[in-house]
């Protein structure tokens, strides 16, 4: 499949912005990010009009919960509000909780692979600062089995991922101090990386290892079992766009923009698996397995197989660190370490910015921020930046192939994509 | 410049002192001597510092002390002495004399003054001390407002300036703006020009809506979270007076007359009505018996407080809607084409702001990115250069300035059409500063 789907680039909003405070909405966000993305990639609205006449372009909107956060559904149709050039362009909204961006990417990739369209605009968007954190926490509970896992629970997701931390600790018989130190190091790395990213939510926030280790008390409250504020990604407002293209269109595009097709990255592999929705069912199902999240591991394996690659071929990772425990589990799922030995990879600096297998040079969800429906698209954009050597201050030296893992729910919907040249 | 491991803060119990100390102890990981008039006050400063950056981890490396008992010892072991005592030569100069005696060669000394001459304050030091003496103008609250105007004077060494700038930027996470030793430096000179001239217009149009009308005309759609007069009321009319008086007395530029303090400001100051901090100034909020709060505004003509009015100005409503939809150029088109005296005033002040910001390049700062950074990071106002782009480029901006009879700065005359004029885009998204 690696000669079928190319990524031409894109753009994201500044995840530090609070659009409600600015008096703006999800709609203004979509307008800004799409205008910016097209300008950056060098595709005009006239070009979209031209492609649309031949039914060669489509749009895919990733969004989790605009109904509750913004009292608005039918987001797939909203790009027509951005510009009349998009009138008539096929478009729909895709939802898979925090993996909404990835399910939109998956649909776009599938359509291009099937040669239905030549150009796919994938836009992930979420406005979250419209409500208080406790109300938002309840909305997010619908990404779990609401009735069983979230109803009446304050901040259900930190609690679910706190349980993941408990299972990791018990199953692998880790020393608690060493494990919690490793989680703090994950937090430290993500915040430090985000400082280099001019679009990151936390780029001006204070955080270091010492603070991440100081769990408890008013300044780093416990929110889910062992997990404290510093172990969590933060909700924010944000949108991201990546633009995908067929080989034919990529050739046209390369000629027009004076680039070489070989310099434009392509989607080399993907994986998509859905685990049982409740955390308890996941836990039971994984008893006796080396991996606590076997379906996450399987998703990575599927992507490696399709790309004919292995962990040794991947230079950079973007992972779904909604919580430090989810990044911890991802380390072995990627094959960077054996399951149960993730802490060693962390201690040895393997996943650090300058390490052998850097994870989240962008800052990840913990550092960049987690506007739910936008995160998957943002990860793909960051892989694009890394493999085209355009990530600026957070560029991983010599990155040729990158892998992203985006999960919805408590590692329920798993999506992996591999991008490279 | 030596590595900054130990810092002394003088004025540790003030909002700026404790906030700055929090940033230095947290981001810089430094040991901080917190000095105040007495140890109890210094301890309060430590707690305020912890609260400002929300981390208990810094408490253990903050050491309380008093000027009388601890200044010399603390300064002698410090790599940076940051003085934030009261804003007057009378208070700062004797303290500088003490610091100068205790200071080791190579130690940075800086002040947070927003208006005093850095060169004059530096005179308390020997040659090495002068070389290492700076203005480090943090903004309040320091953790949230990341601007730092790094003010240099003729005695500085460029290598030390560069190293200090890098420390403030890379380690402390400040948005560093380099300014020359001129009255009020960049941010306040530009910001208070606009605020004070708007205050004059409020007097001129007192019978048409005065203070409230001017803030409506200069509201969020012109690229700021708070109206200029609400800002003056927020910082305090006494502080406002000190800043504009200093600029009026020590500068002679095209906007000189606009820095004269309006008579009604003085009247309010004399009556102790200093703004929000004193319970009332240009506006006041009254809490009724039923718990409802009502806002009032000072009537310049009558000297009474009237209920704060609502306005229904068509072009402002249209411009706000465009901003709400993220159509910034569309909003500026509305402003450019609108008729009526309110629109004339809006165009006048937008022109004045751009013109005055750019006119200071060469005198106060070396590049327009420095004035843009000062206004964007320090005041949360849309920077002048960004306005030029939203208005449709230099030609369109010049046309508006000409019609508003505002001088066109050379920088704008020389600007190339069709090229982005604003160059801080990756650091500061100016669109986020417009409010719909």
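Chains as they are written, first to last, in the numbering used here: chain A, 1377 to 1797; chain B, 2 to 437. Where a beta carbon is used, it is the ideal one built from N, C-alpha and C, also for glycine.
Figure out for me which residue from the options has the closest Cα to the Cα of residue i.
i               : options                               : result
residue 91(B)   : 75(B), 77(B), 82(B) and 122(B)        : 122(B)
residue 1407(A) : 1437(A), 1425(A) and 1381(A)          : 1437(A)
residue 1460(A) : 1468(A), 1420(A), 1493(A) and 1491(A) : 1420(A)
residue 1586(A) : 249(B), 26(B), 432(B) and 405(B)      : 26(B)
residue 63(B)   : 89(B), 52(B), 33(B) and 55(B)         : 33(B)
residue 314(B)  : 372(B), 222(B) and 264(B)             : 222(B)
residue 234(B)  : 350(B), 273(B), 431(B) and 218(B)     : 273(B)
residue 1473(A) : 1605(A), 1640(A), 1515(A) and 1434(A) : 1515(A)
residue 406(B)  : 415(B), 356(B) and 149(B)             : 356(B)
residue 1590(A) : 1604(A), 1599(A), 1546(A) and 1399(A) : 1604(A)
residue 111(B)  : 11(B), 191(B) and 28(B)               : 11(B)
residue 1624(A) : 1537(A), 1489(A) and 1561(A)          : 1489(A)
residue 1752(A) : 1656(A), 1790(A) and 1486(A)          : 1790(A)
residue 95(B)   : 298(B), 228(B), 345(B) and 68(B)      : 68(B)
residue 30(B)   : 323(B), 56(B), 239(B) and 331(B)      : 56(B)
Need the endpoints of the alpha helix (DSSP H) that residue i sits in, please.
i               : result
residue 1513(A) : 1509-1516
residue 1700(A) : 1700-1709
residue 121(B)  : 119-123
residue 1678(A) : 1670-1683
residue 232(B)  : 229-236
residue 1445(A) : 1442-1446
residue 1403(A) : 1402-1417
Residues of chain A with a CB under 8 Å from the CB of residue i: which are they?
i              : result
residue 325(B) : 1399, 1400, 1401 and 1404
Please compile the residues from chain A whose C-beta is within a distance smaller than 9 Å of the C-beta of residue i.
i              : result
residue 278(B) : Correct list: empty, because the minimum Cβ distance to chain A is about 24 Å.
residue 428(B) : 1574
According to DSSP, is residue i helix, strand or coil?
i               : result
residue 1(B)    : With chain B covering only 2 through 437, there is no way to say anything about residue 1(B).
residue 1646(A) : strand
residue 98(B)   : helix
residue 372(B)  : helix
residue 345(B)  : helix
residue 1622(A) : strand
residue 1749(A) : helix
residue 300(B)  : coil
residue 1724(A) : coil
residue 1393(A) : coil
residue 154(B)  : coil
residue 1472(A) : strand
residue 1790(A) : strand
Can you name the start and end residues of the beta strand (DSSP E) that residue i belongs to?
i               : result
residue 1388(A) : 1381-1388
residue 138(B)  : 134-139
residue 1693(A) : 1692-1695
residue 111(B)  : 109-112
residue 11(B)   : 7-11
residue 1780(A) : 1777-1784
residue 162(B)  : Counting along the chain, residue 162(B) falls outside any beta strand (DSSP E), though it belongs to the alpha helix (DSSP H) covering 159-167.
residue 307(B)  : 306-308
residue 66(B)   : 63-67
Are the C-beta of residue i and some C-beta of chain A separated by less than 8 Å?
i              : result
residue 27(B)  : yes
residue 156(B) : no
residue 318(B) : no
residue 436(B) : yes
residue 335(B) : no
residue 221(B) : yes
residue 54(B)  : yes
Residue i touches chain B at which residues, Cβ-Cβ below 7 Å?
i               : result
residue 1390(A) : 430 and 433
residue 1586(A) : 58
residue 1580(A) : 147 and 174
Identify the contact partners of residue i in chain B, using a Cβ-Cβ distance below 8 Å as the criterion.
i               : result
residue 1408(A) : 327 and 432
residue 1393(A) : 430 and 433
residue 1593(A) : 57
Any Cβ of chain B within less than 8 Å of the Cβ of residue i?
i               : result
residue 1590(A) : yes
Please list, in chain order, the chain A residues whose beta carbon lies closer than 7 Å to that of residue i.
i             : result
residue 33(B) : By Cβ distance, chain A contributes nothing, its closest Cβ being about 14 Å from residue 33(B), past 7 Å.
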